[in-house]
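Line order of the protein sequences matches chains A and B.
At position 86 of the first sequence (counting the first as 1) the number is 1355 in the numbering used here, and the numbers step up by one without a gap.
At position 7 of the second sequence (counting the first as 1) the number is 256 in the numbering used here, and the numbers step up by one without a gap.
Backbone N, C-alpha and C define an ideal beta-carbon position, used for all residues, glycine too.
All values reported here derive from a predicted model rather than from experimental measurement.
Below you'll find the structure, written out as structure tokens, and then a few comments.
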Amino acid sequence: AQSVTQPDIHITVSEGASLELRCNYSYGATPYLFWYVQSPGQGLQLLLKYFSGDTLVQGIKGFEAEFKRSQSSFNLRKPSVHWSDAAEYFCAVGGLGNNDMRFGAGTRLTVKP
Amino acid sequence: GAVVSQHPSWVICKSGTSVKIECRSLDFQATTMFWYRQFPKQSLMLMATSNEGSKATYEQGVEKDKFLINHASLTLSTLTVTSAHPEDSSFYICSARSGNYGYTFGSGTRLTVV
């Protein structure tokens, strides 16, 4: 069965600093991988997704993620964090056909001025 | 792009009553829809998967008689929380799956049972 692990529950970075949020997955076949962001009381916004091809994926808001099959990882990065990036970030894995999407526990990002 | 409309965005109901949440795919046909529940400061937990015209598949621990799911058409799925209790208060999010667009999420419904 597919599963997702986000090792960091809470991360604090200074505005302008770089960011990396970790995500490890377990899936028996080629996974579809996603990163979502959720502001308090809001729904999910898709940042980026990986289906196949280039393992470095560019997303919205300056985010990128790199799929590393050998490490079963799909870490999210941003070179310079803005205060508006403070939110909850979820990594998710899905599959082909009608397979459902499973979410990690989430990482809460706090941005210091 | 694909859009999923979820309604209502928030609802308050009295304990013991039932609440229906709708999830519509506006510009595509959703072969499969998923319902998630999210408690405060927690992740999204899959409740059930529904395919159009067939019975929903519930995750372990989710009461199918309490959370009724109907997927009567390729554009509409509903979740009815029957005999709601305060512990059912949560954020419910639907997701629609289609071959072209992958997964598209609704904006969520915040249910408060008083």
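In this structure, DSSP gives I1329(A) a helical state, which the three-state scheme calls helix. At a beta-carbon threshold of 7 Å, the residues of chain A lying near F354(B) are G1312 and L1313, ordered along the chain. In this chain, the beta strand (DSSP E) harbouring Q1314(A) covers Q1314 to Y1319. Between the beta-carbon of T280(B) and that of N300(B) there is about 7 Å, and that keeps the pair under the 8 Å contact cut. With its beta carbon at least 9 Å from every one in chain B, F1336(A) lies outside the interface. Cβ-Cβ distances below 6 Å link G1285(A) to S1349 in the same chain, with the five nearest sequence neighbours on each side left out; the list follows chain order. DSSP places E336(B) in the helix class (H, G or I) of the three-state scheme. Contact between I261(B) and T361(B) holds, since their C-beta atoms are separated by about 5 Å, short of 8 Å.
A direct Cα-to-Cα measurement between D337(B) and V1326(A) gives close to 38 Å. Annotated three-state conformation of Q287(B) is strand, per DSSP. Within chain B, the C-beta atoms nearer than 7 Å to that of G1373(A) come from S292, in chain order. By a beta-carbon distance limit of 8 Å, G1363(A) contacts D1369(A). Their separation comes to about 7 Å. Taking C-beta atoms as the reference points, C343(B) and M282(B) count as a pair closer than 9 Å. Inclusion of D1354(A) and L1313(A) in the CB contact set at 9 Å is not warranted, their separation being larger than that value. Inter-residue distance for Q287(B) and F354(B) is about 13 Å (C-alpha atoms, whole angstroms).
For T1379(A), the uninterrupted beta strand (DSSP E) segment begins and ends at T1376 to K1381. Contact annotation: A1361(A) and R1371(A) have beta-carbon atoms nearer than 9 Å. For the pair V1282(A) and L1378(A), the CB atoms are nearer than the 9 Å cut-off.
DSSP places S1339(A) within a helical segment (H, G or I) once states are collapsed to three. The DSSP-derived three-state label of S267(B) is coil.
As DSSP reads the structure, K1347(A) sits in a beta bridge with L1288(A). Distances from the CA of W1352(A) to each of C1292(A), V1380(A) and Q1340(A) were compared; the closest alpha carbon is that of V1380(A). Going by DSSP, N300(B) is part of the beta strand (DSSP E) stretching over L293 to N300.
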